[in-house]
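**Q** Got a structure for you, questions after.
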Amino acid sequence: MSRMTTSLVPTVRVRRGSSPLRRVGQALTPVWLPLLLIAVWWFVSAESVSPFFPPLSDILVDTWDQWVVFGAWTNAVASLRNLFIGYLLGTLIGVVGGSLMWRLKYLRMAANPIIYFLYVLPAPALLPAMIAIFGIGDVRQIALIALGSIWPTLLNTLDGMRGIDTVKFDTARALRLGGWRTYTRLVLPGAAPQIAAGLRASLTVGIVLMVVSEMVAANSGIGVFILQAQAEFAIKKMWTGILVLAFIGTALNYLFVFVERRALRWYYRSRALGSS
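Here it is as structure tokens:
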């Protein structure tokens with residue numbers, strides 16, 4: 001009788017993470033520290049009379065005036081245009097170059113010293129040479145961003161492709177996939193997580209070089225805006241440029257993570273299944 005009674009009682013399974021409180025906690029986890037720091041900055045600077053550290057409330061008001069009302073957003077558009085073109089060129093060269101070095105052993109051996117020399121060479125140190133070659137226009141800024149964006153992507157692409165299990169290549173040969181199909185169906189997907197890591201590192205480098213290139217012999221951009229404000233001793237205006245730059249950098253990184261999570265959904269699912 002007890003067995004029959006037990007079998008008739010429905011089994012209730014409680015799913016972890018289904019409570020509203022837990023969902024709210026998960027949503028607040030990545031943002032609580034930035035919000036706390038902003039709140040501390042707001043209250044600590046509220047009574048500030050220093051011309052170098054104005055209240056955050058005044059900076060935010062001036063940010064709206066400068067970047068929306070007075071049209072300084074055109075500087076952000078110019079910066080993002082150069083960043084997009086330079087980053088696209090640099091990462092494309094990085095993926096193609098890494099693939100060629102993975103495929104051609106003698107090319108890899110010959111190019112290794114040159115690549116590592118250029119990789120450790122600070123890109124801002126090349127600014128005088130870039131100005132001499134390309135002048136002071138946007139082409140020089142794009143070239144500098146592209147040059148700095150190549151190396152993280154190239155090296156991560158090469159390491160990712162070299163790390164693929166040789167058994168998979170034996171399977172591809174057994175299935176007679178051919179060189180191009182092996183590259184597109186095995187090599188690129190297998191190295192995709194590490195390529196994505198290189199692309200993200202290149203994005204960070206590109207944002208830094210975007211500002212650095214605009215602070216020397218440039219006509220427009222966020223870097224020009226910040227440097228001119230500092231030269232005019234317009235400290236509050238300078239802080240608005242720094243805030244806009246921080247917002248753009250944060251937004252671009254979150255956008256990259258969003259796209260990466262969608263593009264590599266299969267990879268993160270396999271990791272979740274492996275850790276469970």
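The numbering of the sequence shown is UniProt numbering, which starts it at 1 and goes up by one. For each residue, glycine too, the CB sits at the ideal point set by N, CA and C.
Kindly list the residues whose CB is nearer than 8 Å to the CB of GLY206, restricted to its own chain and excluding five residues on each side of it in sequence; keep chain order.
**A** LEU83, GLY86, TYR87, GLY90, ILE145, GLY148, SER149
**Q** Can you confirm whether the segment 132–139 touches the segment 228–240 when touching is taken to mean that 3 or more C-beta pairs between the two stretches lie within less than 8 Å?
**A** Here the segment 228–240 does not lie against the segment 132–139, with fewer than 3 beta-carbon pairs under 8 Å apart.
**Q** Is the beta carbon of ASN156 less than 7 Å from the beta carbon of GLY198?
**A** yes
**Q** Please classify VAL68: is it buried, with 16 or more other beta-carbons within 10 angstroms of its beta-carbon, or exposed?
**A** exposed
**Q** Once you ignore the five residues that flank MET215 on each side, which residues in its own chain have a CB closer than 8 Å to its CB?
**A** Taken in chain order, the residues that qualify are GLY223, VAL224, ILE226, LEU227.
**Q** How would you label ALA27, buried or exposed, when you count the other beta carbons within 10 angstroms and need 16 or more for buried?
**A** exposed
**Q** For LYS168, count the other beta carbons within 10 Å of its own beta carbon; 16 or more makes it buried, fewer makes it exposed. Which is it?
**A** Counting C-beta atoms within 10 angstroms of its own C-beta, LYS168 has fewer than 16 neighbours from the protein chains shown and is therefore classed as exposed.
**Q** Is PHE258 closer than 7 Å to LEU203 when the C-beta atoms are compared?
**A** no
**Q** Once DSSP output is grouped into helix, strand and coil, what is the label at ILE136?
**A** coil
**Q** Please list the terminal residues of the continuous alpha helix (DSSP H) segment that includes MET215.
**A** Per DSSP, MET215 belongs to no alpha helix (DSSP H) and is neither H nor E.
**Q** Are ASN112 and SER220 closer than 7 Å when you measure CB to CB?
**A** no
**Q** Measuring CB atoms only, is the segment 264–271 touching the segment 176–196, in the sense that at least three cross pairs come out at less than 8 Å?
**A** yes
**Q** Suppose the cutoff is 7 Å on Cβ atoms and the five residues either side in sequence are ignored; what does the same chain contact list for SER79 look like?
**A** MET210, GLU214, GLY221, ILE222
**Q** Suppose the cutoff is 7 Å on Cβ atoms and the five residues either side in sequence are ignored; what does the same chain contact list for LYS236 look like?
**A** Hits under 7 Å: PRO54, ASP58, ILE59, ASP62.
**Q** When the Cα of ALA217 is compared with those of GLY160, ARG262, MET130, ALA46, which residue comes out closest?
**A** Ranking GLY160, ARG262, MET130, ALA46 by Cα distance to ALA217 puts MET130 first.
**Q** Where does SER19 land, buried or exposed, given buried means 16+ other C-beta within 10 angstroms?
**A** exposed
**Q** Between MET161 and TRP102, which are expected to be in contact by the criterion C-beta below 8 Å, what is the C-beta distance as a whole number of angstroms?
**A** 4 Å
**Q** Taking its Cβ as the centre, do 16 or more other Cβ atoms sit within 10 Å of TRP239, making it buried, or is it exposed?
**A** buried
**Q** Run through DSSP, which three-state label would ILE131 get?
**A** helix
**Q** Quick one: Cα of GLU232 to Cα of GLN66, how far?
**A** Cα to Cα, GLU232 sits roughly 15 Å from GLN66.
**Q** CB-CB under 6 Å to LEU126, same chain, minus the five flanking residues each way: which ones, in chain order?
**A** none
**Q** Is TRP41 a contact residue of the ligand ATP, with contact defined as CB to any heavy atom under 6 Å?
**A** With respect to small molecules bound, the structure shown includes none, and the ligand ATP cannot be examined in it.
**Q** When the Cα of residue 283 is compared with those of LEU104, ARG200, VAL244, ALA246, which residue comes out closest?
**A** This structure does not reach residue 283, given that the chain is present from 1 up to 276, and the question cannot be answered.
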